[in-house]
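Numbering (this note's numbering), first residue to last: 689 to 788.
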Amino acid sequence: MNGSEMFHQELEGLGKLHDSKQADYGRPNDPFANVRASEEFGIDPWIGCMIRANDKMRRIQTHAKGNSLKHESVEDSFRDLAVYSLIALCLYREQHGITS
689 MNGSEMFHQE
699 LEGLGKLHDS
709 KQADYGRPND
719 PFANVRASEE
729 FGIDPWIGCM
739 IRANDKMRRI
749 QTHAKGNSLK
759 HESVEDSFRD
769 LAVYSLIALC
779 LYREQHGITS
């Protein structure tokens, strides 16, 4: 499998991962409800989402420095970082009225 094929396979997997996790964290009428909760602290949802993404980046940095990760793999952290970035993009567009 070449890099582009792997990339598209991962994109498909990210969609499935998002759907699966939203069943646990979201609400039927709002799949981003858990991320929107940052509004309760006066933080725009897309910024709250990027704070969560930063947590994943810290895990990746820990791994890059040669330390082991105990609760999820570095690959899981890469995937979560990608998903958080896309969620933040959607929330940013929503907040700023961008439809395309």
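Here a beta-carbon is modelled for each residue, glycine too, at the ideal position from N, C-alpha and C.
Only a predicted model underlies this, so the values are computations on that prediction, with no experimental measurement involved.
How would you write the range of the alpha helix (DSSP H) that residue i sits in, first residue to last?
{"i": "His784", "result": "Taken as a continuous stretch (DSSP letters only), His784 belongs to no alpha helix (DSSP H), as it is neither H nor E."}
{"i": "Asn755", "result": "Premise fails: Asn755 is in no alpha helix (DSSP H) and is neither H nor E."}
{"i": "Glu760", "result": "Note, Glu760: premise wrong, no alpha helix (DSSP H); not H, not E."}
{"i": "Met694", "result": "Gly691 to Tyr713"}
{"i": "Ala721", "result": "Ala721 to Arg724"}
If I measure Cβ to Cβ from residue i and keep anything under 7 angstroms in the same chain, skipping five residues before and after, which residues do I get?
{"i": "Gln710", "result": "Pro719"}
{"i": "Tyr780", "result": "Trp734"}
{"i": "Asp768", "result": "Lys744"}
Would you mind working out which of the options sits nearest residue i, comparing C-alpha positions?
{"i": "Cys737", "options": "Gly703, His751 and Asn722", "result": "Asn722"}
{"i": "Leu699", "options": "Ser773, Lys753, Gly785 and Leu757", "result": "Ser773"}
{"i": "Asp743", "options": "Asp764, Met689, Gln697 and Glu782", "result": "Asp764"}
{"i": "Ala776", "options": "Gly703, Ala741, Gly714 and Leu757", "result": "Ala741"}
With C-beta atoms as the reference, is residue i less than 8 angstroms away from residue j?
{"i": "Ile739", "j": "Phe766", "result": "no"}
{"i": "Gln783", "j": "Asp707", "result": "no"}
Compute the beta-carbon to beta-carbon distance between residue i and residue j, rounded to the nearest angstrom, for a pair I have assumed lies under 8 angstroms.
{"i": "Val762", "j": "Leu705", "result": "Actually they do not touch by this definition, with Cβ atoms about 15 angstroms apart."}
If I measure Cβ to Cβ from residue i and keep anything under 6 angstroms in the same chain, skipping five residues before and after, which residues do I get?
{"i": "His759", "result": "none"}
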